[in-house]
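Enquirer: In the working numbering, the protein residues as written are 22 to 380. From the three backbone atoms N, C-alpha and C, an ideal C-beta is built for every residue, glycine too. Below you will find the structure I want to go over with you.
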Amino acid sequence: MYPRLEIDIKKLRENARILCDKCHKNNLKVAMVTKSYCAMQSVVEEISKEGIDYLADSRIQNLKNLQNIDLPKILIRIPMISELEEVIKYADISFHSELLVIKRLNDIAKLKNIIHKIVLMIDLGDLREGCFYDEEIYYNVEKILELENIELIGIATNLTCYGGVLPSKDNLGRLASIASKIREKYDLKLDFISGGNSSSLYLLDNGEMPKDITNLRLGEAIVFGKEAAYGKKIDNTNDDVFKLVCEIIEIKKKPSLPIGEIGVDAFGNIPNYEDKGIMKRAIVGIGKQDIDISSVIPCDKCIDILGASSDHMILDITNSKKDYEVGDKVEFLLKYGGLLSAATSKYVYKKIIKETVLA
Ligand SMILES: *Cc1c(COP(=O)(O)O)cnc(C)c1O
């Protein structure tokens with residue numbers, strides 16, 4: 022069935038292995054972030070054999086689906102008050118920045134008679150979640166330590182997400198020094214110091230990762246074989262783990278300029294076209310309801326994506342060396358947004374390609 026998202030498990034496992042080795046050599050644990058492929062259970066089960074230390078996701082529904090996998094689970098999006106019952110149930114560790122929420126979590130943990138582990142988020146300048154000012158950090162720590170059913174195991178930061186701020190020796194160094202101050206001041210172990218996502222990896226190659234950082238949370242790096250600060254390929258990894266395969270539903274020669282007075286397109290935008298004369302155009306059965314089309318790349322380098330409406334994506338196949346016919350399949354590699362949307366769409370089938378075992 023098409024369109025479909027194909028997932029090559031062998032390649033994904035290789036990526037996970039290489040990244041785990043790289044991190045472990047640098048005394049870092051790996052929290053594998055599973056959100057970009059909706060934490061598909063059979064996929065996560067396979068990869069988690071490669072030396073991963075924690076499973077991490079921003080959605081509690083995803084962690085719920087991973088309950089049968091025997092690894093500690095981290096909720097990495099600070100939770101909504103309305104989901105705290107689930108957080109206690111399905112996450113072993115959760116990330117936080119709001120005292121009000123942590124207190125409510127403590128109340129629920131008390132009722133269930135358990136101790137829940139939390140990590141305090143520190144904002145080092147990317148301006149998404151986390152405590153920004155020093156006073157706020159230490160005030161929060163003091164208040165958290167008063168809560169009987171909450172254990173503060175560490176601090177974490179997130180960079181290169183909203184503000185695009187790169188991790189550095191300086192900003193992660195500040196995280197490390199906040200951790201040691203908290204340890205001294207409150208006599209805590211505090212051994213979970215999470216130094217960011219796939220954009221922090223480049224610091225390992227430069228030898229600039231502060232040694233007090235104890236783990237990284239890796240999504241993109243495992244999935245695409247790329248570090249996320251500069252988009253550099255990681256040696257020996259695969260960049261074609263995920264492929265989107267679509268079917269051609271129309272091929273016709275048509276002009277490149279629409280005929281008639283131009284109003285707005287299906288999304289209310291005023292379109293702008295370049296006249297390239299008559300071209301050979303193919304339509305594949307996928308659209309903006311399924312994928313972020315700015316985030317898909319045709320594997321056939323001679324194909325250009327002209328655009329899409331909600332259910333049709335239009336390709337220029339004029340220059341392709343392949344003689345496409347209606348019913349043929351066209352393959353695409355995905356960028357982050359493309360993978361997120363294809364994995365999430367219920368109209369995109371998922372096909373897991375397992376290692377072929379030779380007898
Ligand atoms: C998504 C996310 C990650 C993973 O980011 P990648 O760039 O995919 O490695 C890590 N931490 C948090 C808090 C996230 O939301």
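(1) Quick one: is G151 buried, meaning 16 or more other Cβ sit within 10 Å of its Cβ, or exposed?
(2) What are the uninterrupted segments assigned as alpha helix (DSSP H) that are 4 or more residues long and contained completely in the stretch 54-113, given in chain order?
(3) For P386, count neighbouring Cβ atoms within 10 angstroms of its own Cβ and tell me buried if that reaches 16, exposed if not.
(4) Please determine whether the Cβ atom of S219 lies at a distance below 7 angstroms from any heavy atom of ligand 1.
(5) Determine the burial state of D147: buried for a count of at least 16 other Cβ atoms within 10 Å of its Cβ, exposed for fewer.
(6) Taking the alpha-carbon of A249 as reference, which of S220, P231, V262 and N227 has the nearest alpha-carbon?
(7) Cutting at 7 angstroms between CB atoms, please list the residues of its own chain near L278, excluding the five before and the five after it.
(8) Shorter than 7 angstroms, the distance from the beta carbon of K274 to the closest heavy atom of ligand 1, or not?
(9) Check this for me: beta carbons of E106 and I135, under 8 angstroms apart or not?
(10) What is the DSSP secondary structure of R195, counted as helix, strand or coil?
(11) Ends of the beta strand (DSSP E) at K46?
(12) Ordered along the chain, which non-local residues of its own chain (more than five positions away) have a Cβ less than 6 angstroms from that of E271?
(13) For Y251, tell me which candidate among V51, V186 and N161 has the shortest Cα-Cα distance.
(14) Could you give the distance in angstroms between the alpha-carbon of A177 and the alpha-carbon of S215?
(15) Opposite D325 in the DSSP bridges: which residues?
(16) With a 10 Å radius around its C-beta and 16 neighbouring C-beta atoms as the bar for buried, classify G184 as buried or exposed.
(17) Note down, in chain order, each residue of its chain lying with its Cβ closer than 8 angstroms to the Cβ of E163, except the 5 sequence neighbours on either side.
(18) Since L211 and R204 are thought to touch, with beta carbons under 8 angstroms apart, how far apart are those beta carbons, to the nearest angstrom?
(19) When you compare the CB positions of A329 and I335, do they come within less than 8 angstroms of one another, or not?
(20) Do the CB positions of K247 and K254 come within less than 8 angstroms of each other?
(21) Who are the Cβ neighbours of S57 in its own chain at under 6 angstroms, not counting the five residues just before and after it?
(22) Assuming the contact rule is C-beta atoms closer than 8 angstroms, D311 and P24 should be a hit. Round their C-beta distance to whole Å, please.
(23) My parser needs the alpha helix (DSSP H) runs of 4 or more residues fully inside the stretch 144-210; what are they?
(24) Is it true that the stretch 54-70 meets the stretch 29-40, where meeting means three or more beta-carbon pairs spaced less than 8 angstroms apart?
(25) Reducing DSSP to helix, strand and coil, say where Y357 ends up.
Expert: Working from what's here:
(1) buried
(2) 62-68, 81-86 and 105-111
(3) There is no way to answer for residue 386, as the model of the chain reaches only from 22 to 380.
(4) yes
(5) With a 10 Å radius around the Cβ and a threshold of 16 neighbouring Cβ atoms, D147 comes out buried.
(6) Residue S220 is the option with its Cα nearest to A249.
(7) Y294 and D296
(8) No, Cβ of K274 sits at least 7 angstroms from all heavy atoms of ligand 1.
(9) no
(10) helix
(11) K46 -> not in any beta strand (DSSP E); alpha helix (DSSP H) instead, spanning I30 to K46.
(12) Around E271: I304.
(13) V186
(14) 4 angstroms
(15) D337
(16) exposed
(17) Within the same chain, E163 has close Cβ partners Y207.
(18) 5 angstroms
(19) Their beta carbons are under 8 angstroms apart, which means A329 touches I335 by this criterion.
(20) yes
(21) G240, V244, L360 and L361
(22) 7 angstroms
(23) 155-166 and 190-207
(24) A contact exists between the stretch 54-70 and the stretch 29-40.
(25) helix
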